[in-house]
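Colleague: Protein chains in written order, with my numbering: chain A, 187 to 416; chain B, 69 to 749; chain C, 1031 to 1351. Where is the CB? At the ideal position from N, CA and C, for every residue including glycine. Computed from a predicted structure; not experimentally measured.
(1) Determine, using beta carbons only, whether residue 509 (chain B) comes closer than 8 Å to chain A.
(2) Can you tell me the Cα-Cα spacing of residue 189 (chain A) and residue 1190 (chain C), whole angstroms?
(3) For residue 255 (chain B), which option in B:283, B:92, B:573, B:612 has the closest C-alpha, if you only look at C-alpha atoms?
(4) What first and last residue would you give for the alpha helix (DSSP H) that runs through residue 1040 (chain C)?
(5) Which two residues bound the contiguous alpha helix (DSSP H) that contains residue 360 (chain A)?
(6) Any Cβ of chain B within less than 8 Å of the Cβ of residue 1143 (chain C)?
(7) Interface residues of chain C around residue 593 (chain B) at Cβ under 7 Å?
(8) If I'm right that residue 393 (chain B) touches residue 348 (chain B) with Cβ under 8 Å, what's the distance once you round it to whole angstroms?
(9) Below 9 Å between beta carbons is the criterion; list the residues of the region 1189-1209 of chain C that meet it against any residue of chain A, in chain order.
(10) Can you tell me where the beta strand (DSSP E) with residue 638 (chain B) in it begins and where it stops?
(11) Roughly how many whole angstroms lie between the Cα atoms of residue 1070 (chain C) and residue 1059 (chain C)?
(12) Please report the straight-line C-alpha distance between residue 355 (chain A) and residue 616 (chain B), rounded to a whole angstrom.
(13) Can you list the alpha helix (DSSP H) stretches of 4 or more residues lying completely in the region 313-381 of chain B, in chain order?
(14) What are the residues in the region 1260-1286 of chain C lying within 8 Å of chain B by C-beta distance?
(15) Between residue 146 (chain B) and the ligand GDP, is there a pair consisting of the residue's CB and a ligand heavy atom that are separated by less than 7 Å?
(16) What separation, rounded to the nearest whole angstrom, lies between the Cα atoms of residue 631 (chain B) and residue 638 (chain B)?
(17) Restricting to Cα atoms, I'd like to know which of B:182, B:303, B:583 is closest to residue 571 (chain B).
(18) Any contact between the region 218-231 of chain B and the region 191-199 of chain B? By contact I mean 3 or more CB pairs, one from each, below 8 Å.
(19) Using a Cβ cut-off of 7 Å, pull out every chain B residue sitting near residue 311 (chain A), in sequence order please.
(20) Report the rounded CA-to-CA distance for residue 1252 (chain C) versus residue 505 (chain B), giving the unit in angstroms.
(21) Can at least three beta-carbon pairs, one atom from the region 147-165 of chain B and one from the region 96-114 of chain B, be found at a separation below 8 Å?
(22) Got a sec: is the Cβ-Cβ distance from residue 1346 (chain C) to anything in chain A below 8 Å?
(23) Anything in chain B within Cβ reach of residue 1212 (chain C), meaning under 7 Å, just list it in chain order.
(24) Kindly list, in the order they appear in chain C, the residues whose Cβ is closer than 7 Å to that of residue 216 (chain A).
(25) Taking only the alpha-carbon atoms, compute the straight-line gap between residue 518 (chain B) and residue 133 (chain B) and give it to the nearest angstrom.
(26) Is the Cβ of residue 212 (chain A) closer than 8 Å to any Cβ of chain C?
(27) For residue 144 (chain B), list the residues DSSP reports as bridge partners.
(28) Indicate the three-state DSSP secondary structure (helix, strand or coil) for residue 1205 (chain C) in the structure shown.
(29) Could you give the C-beta distance for residue 474 (chain B) and residue 363 (chain B), rounded to a whole number, given that I count them as a contact under 8 Å?
(30) Just the chain C side, please: which residues come within less than 8 Å of residue 347 (chain B) by C-beta, in chain order?
(31) For residue 517 (chain B), return the contacting residues in chain C, with the cut-off set at a CB-CB distance below 9 Å.
(32) Between B:246, B:94, B:126, which has its C-alpha nearest residue 189 (chain B)'s C-alpha?
(33) Would DSSP call residue 694 (chain B) helix, strand or coil?
(34) Whole angstroms are fine: how far does the CA of residue 1095 (chain C) sit from the CA of residue 621 (chain B)?
(35) Which residues bound the beta strand (DSSP E) around residue 488 (chain B)?
(36) Could you give the distance in angstroms between the alpha-carbon of residue 730 (chain B) and the alpha-carbon of residue 142 (chain B)?
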């Protein structure tokens, strides 16, 4: 009794590789969520970026949409090299590179993450039925990456890890765009890329300001800035 | 003919039980009556019930009947079908073993302040109640039998009532049993209000609207779940089971919880009939939470019987997982797989009845011999009570779901059913079902840890107190009861295929779908779906284990001559440089599970207290060390206490009516009367 | 479906099992040899484990004063269970009659039974170390076993079977299919195998350092032939896990029927793959330090999470209807 229709094994090897990488992107999201060390978080973010670069290149090969190679190059430059480098440098100058930003209830968060993935899958099911692309299964993954990053934003206390979460959310969107619709128009892509760049720089400036004003990068401390008298 | 024989045997069983009840009332302080009359009568009643059930289980038709008792327009309907027969067999096995065990065990109460006659009477009534529950065929009779079962077991829990803790536990039990009964009554009420009759036949004929069916299912789940020990309404179970006499704990845990499962299966698969897969998801979630929660709390217990009680919660969870799979597959349109899930659940009910009775009887033997509840005072009992140790070991292996014993077969079947989830249409379900299986796997592994702890601390190592050091083996009746159950644990672990064949017939009566593939390859191989998909051969595994034991025997014989010349040397174990080993150097139960306590910490409410007094001369040398650990059930804090507060607050509000003034009370009566008259008019 | 009661088939089963048992000390000797070379030490002979076992068997048994029957029976049961488990895993040929006896879940159950007795034997004498080892072993296994079963579930969902031979056959048919689920299952299984066999970074098989040991703490009180059996069982367990990983993920070359040529190819293939796997293990054990005991649950939780993601990626990516 064969339980399911084995359509998967009839895909081409490139398509299988794309899906495998998609799963690895998901794993990197889980790892980002579970990782508590600042430096490791940044490295994982770079790794996720690298996986995205490979996926993009493979999709470009598979669909012969060669403009995607530009996107891949841009991603490589920005998310694998520049942003991690910038974040590492800032963290080092702030002296928090080796700090821990541990989760309060890692077990609960990971269970919630698992549930989120299943939820994304059920949400994405109707979309997949209408999509034409062979890599449509990746939509659920991209949605999951976005939501997991948001979960990371919620559960983290340090500004710097939150920034990584924010960037990773953008990774999820980018991944969805590449796999489902063969990339966004070049103009949009460039714009987003510059946004990321500017955001990274602006966040960097903010880190120093936050630290100067409240002497910590713990965002929970920002509560003290409230103007309401208790 | 066979129909007649099952009817006759059932009647004989009831007759013997009534005789036992009668004899108990006359027993007074005469000990011989209890040993030689009441318990044997109960034992033969159990045997008759088992035979009656066996006749039906082997494929003969059951019986229908009405008793001209009760209210004139509501005769009591009796019916024996496959499902009733299966559970009647469980009751029979439990009755036989507990009446074998009883005579030796109750010697403890001879000189105590508690009347033995009461124990015999209530035990007989309890068994009568359980047997009637599984035979009842109308809602009215069912509820009477159910109440008989609940109330008589209340007296059994409260038997040693001089200790306030026991009275409290018994009251909690009675309270929750009554709430559960009300919920079941409401569930039946839905049927009765649509059908207008109280017989189960009429209930079966009704097609409830989905919303009403769901309400009936929910009420039934909660009501029967309360009796079965489902999370979070299990609170009475770890309180009541430890305080009852041990052979009664064995009956309650091994058999009565199964009667609750019977009620739930009867309600869901037979009376409601049309199943929805969403109920299956609910059951899966409830089941896995119950199982995981039960085993985690069992791990933390240091009272032997309390540990066993929490482990019952775990096993009920596993049964609910099986039932959930059954409902889910049937609801999704795969009745064959649904039947497989139901078979797995029933098989686990059987397994649990066997090994949990065995373990409670073993715990009773230990309790009687050592007068200790606390594992922290035990140790080394394998040398004092070798037979009990052997049987208890078999119980521990079975409950940890290890081959070749019975617990493994039932969990294996559950896994196999869960793995068929790839067939389901809905992707979400395909993901949820294997995750449940993973929870089950975690539960199984934790259960093994729990029972290594139990066995290792109680039976192995060195005795931790004087009384334990001088413990003796129980009486032969007590050993026979345990040996019988241990043998059955092995038997049902090996004869998986024939048992599944019988269960398949039972289940086919409910779902209408036979699982013929499971036993298509003879009694040696169990193949739930197809041979190339999965197969398990208990006999072969047993053969392997026997070979290993034979190898031991061969080595032993070979070395016999050598040994005569030069016996095996024994020496003291190394005491780490502190001289000889002392019992205090051993790991305690708390220490054993400390790593797990650290990992799953948020599950419990843990209160730790460390005391450390340092010597005045040498600051680094402690003179006194103390460690106190309290594990509290979180459901008390999050569910029961808020509910209690709410009830108390509302009671206080209602209490305002009680002014103490006679004229006010007269006014209430007057107003009530007027309002009622107005309503009638 | 094969004929279960054909005596000729059973001869193969016995031969294969015997080969397995004979191979086990060699495999662990090979890993030790490689580790010594990698760590700039002079390696012992590859046959040293055999010599050790023989020496232990010849020695007399010394029991603790209060050792019980369970303590004396446990080595036989543990060794027996492990041999039984090994006999189920296809080494050279598929579709042995014994593979119908036990599927992968039973395999996990057999290992669990062996571990159950191992942990009890550790507690029997009542030393502090024994209890400590048992407690840790059960904790590790309580987390490793579900991860292992999760891997098994993923694989059996892919192949629609829990039967080992069918699983391997499915792997042979789909050699060129790259599945994310299988990839994650492989990583998770390797992590579980490391934990279950008490290898670095979870436990160090070469240490008797009291505060870090797990497996060794339980067998401290054993001597003579009992110890020999315990050692053989743990070597056999390691080999079984190695062969299991090879069978499930790299099955190329395994014989599907009992022909001389097929068997020859299978023997060469399994020898090459085992030595490579041993090399990887030795490299890993040399490069990685043992982790703190409190980190082990995290390690195992990771393997569980990986196995679960593997299962989810099968459901999401590979099995859409």
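Modeller: In terms of the structure at hand:
(1) Output row for residue 509 (chain B): interface = no.
(2) With a pLDDT of 44 at residue 189 (chain A), under the threshold of 50, the predicted position of this residue should be treated as unreliable, though the coordinate-derived value follows. Approximately 6 Å between the Cα atoms of the pair.
(3) Nearest C-alpha to residue 255 (chain B) among B:283, B:92, B:573, B:612: B:283.
(4) Its alpha helix (DSSP H) spans residues 1037-1068.
(5) Boundaries of the alpha helix (DSSP H) around residue 360 (chain A): 345-367.
(6) Interface residue (Cβ-Cβ distance to chain B less than 8 Å): residue 1143 (chain C) is classified as such.
(7) Counting only Cβ-Cβ distances below 7 Å, residue 593 (chain B) has contacts in chain C at 1130, in chain order.
(8) Contact holds; Cβ gap of about 7 Å.
(9) Those residues of the region 1189-1209 of chain C that come within reach of chain A (Cβ to Cβ, closer than 9 Å) are 1190, 1203, 1204, 1206, 1207, 1208, 1209.
(10) Its beta strand (DSSP E) spans residues 637-639.
(11) The straight-line gap from Cα to Cα measures roughly 17 Å.
(12) Answer to the nearest angstrom: the Cα atoms are 58 Å apart.
(13) Whole alpha helix (DSSP H) segments, 4+ residues: 314-319, 325-333, 345-368.
(14) Hits within the stretch: zero.
(15) Of ligands this structure carries none, so the ligand GDP is not represented either.
(16) Straight-line measurement puts the Cα of residue 638 (chain B) at about 13 Å from the Cα of residue 631 (chain B).
(17) Out of B:182, B:303, B:583, the CA that lies nearest to the CA of residue 571 (chain B) is found in B:583.
(18) Between the region 218-231 of chain B and the region 191-199 of chain B there are three or more C-beta pairs closer than 8 Å, enough to call the two in contact.
(19) In chain order: 495.
(20) Roughly 37 Å separates the two Cα atoms.
(21) Look at the beta carbons and you see the region 147-165 of chain B touching the region 96-114 of chain B: at least three pairs across the two are nearer than 8 Å.
(22) True, the Cβ-Cβ gap to chain A drops below 8 Å.
(23) Residues of chain B passing the Cβ test: none, with the nearest at roughly 15 Å.
(24) Per Cβ cutoff of 7 Å: 1335, 1339.
(25) Approximately 46 Å, taken between the alpha carbons.
(26) Yes, residue 212 (chain A) counts as interfacial toward chain C.
(27) Residue 144 (chain B) is bridged to B:135.
(28) Three-state result, residue 1205 (chain C): coil.
(29) The beta-carbon distance between residue 474 (chain B) and residue 363 (chain B), rounded to whole angstroms, is 18 Å. This is too long to meet the 8 Å contact definition.
(30) None at all; the shortest Cβ gap to chain C is about 22 Å.
(31) Simply 1149, 1165, 1168, 1169, 1171, 1172.
(32) Comparing Cα positions, the closest option is B:94.
(33) It is a strand residue.
(34) In a straight line, the C-alpha of residue 621 (chain B) is about 22 Å away from that of residue 1095 (chain C).
(35) Counting along the chain, residue 488 (chain B) sits inside no beta strand (DSSP E), nor does DSSP assign it H or E at all.
(36) Whole-angstrom Cα-Cα distance: 42 Å.
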